[in-house]
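Asks: In the numbering used here, the protein residues as written are 1 to 116. Yeah, the Cβ is synthetic: ideal placement off N, Cα and C, and Gly gets one too.
#1: If the criterion is Cβ atoms closer than 7 Å, does the pair residue 62 and residue 80 meet it?
#2: According to DSSP, is residue 176 helix, strand or coil?
#3: Relative to the C-alpha of residue 103, which residue among 85, 29, 78 is closest?
#4: Let me know the secondary structure DSSP gives residue 44 once reduced to three states.
#5: Hey, which unbroken runs of the alpha helix (DSSP H) at 4 residues or more fall wholly within the region 20 to 93?
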């Protein structure tokens, strides 16, 4: 069994920043280690979320990308492609997690037969 937020009193992550939202607690850590093959900076953070009983309920991995495009792409697995991309449009910037099924069979009909 993993450690809950209450066990943090023992100093598991003493450098963490603990924030409470009612009975829900977030533990924010500055951590630049690579996650799922994605390079990160030392100032980036990981946020662990704990429910009202102190059980780990979520993990958020943050990173600042200095360029746009594909950040990481995992090997195609039986037609399933997974990628993490950083895009910009207007004044907005987003990180997009994409799961794509590339093994669809193309129809054997012409575009005219399909009504185009």
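Replies: The short version:
#1: Walking along the chain shown from the start, residue 62 turns up at place 62. Walking along the chain shown from the start, residue 80 turns up at place 80. Result no, Cβ atoms of residue 62 and residue 80 do not sit closer than 7 Å.
#2: With the chain covering only 1 through 116, there is no way to say anything about residue 176.
#3: On the chain shown, residue 103 is found 103 positions in, with the first residue counted as 1. Among 85, 29, 78, the Cα nearest to that of residue 103 is on 78.
#4: Taking the chain shown and counting its residues from 1, one reaches residue 44 at position 44. DSSP places residue 44 in coil when its eight states are reduced to three.
#5: none
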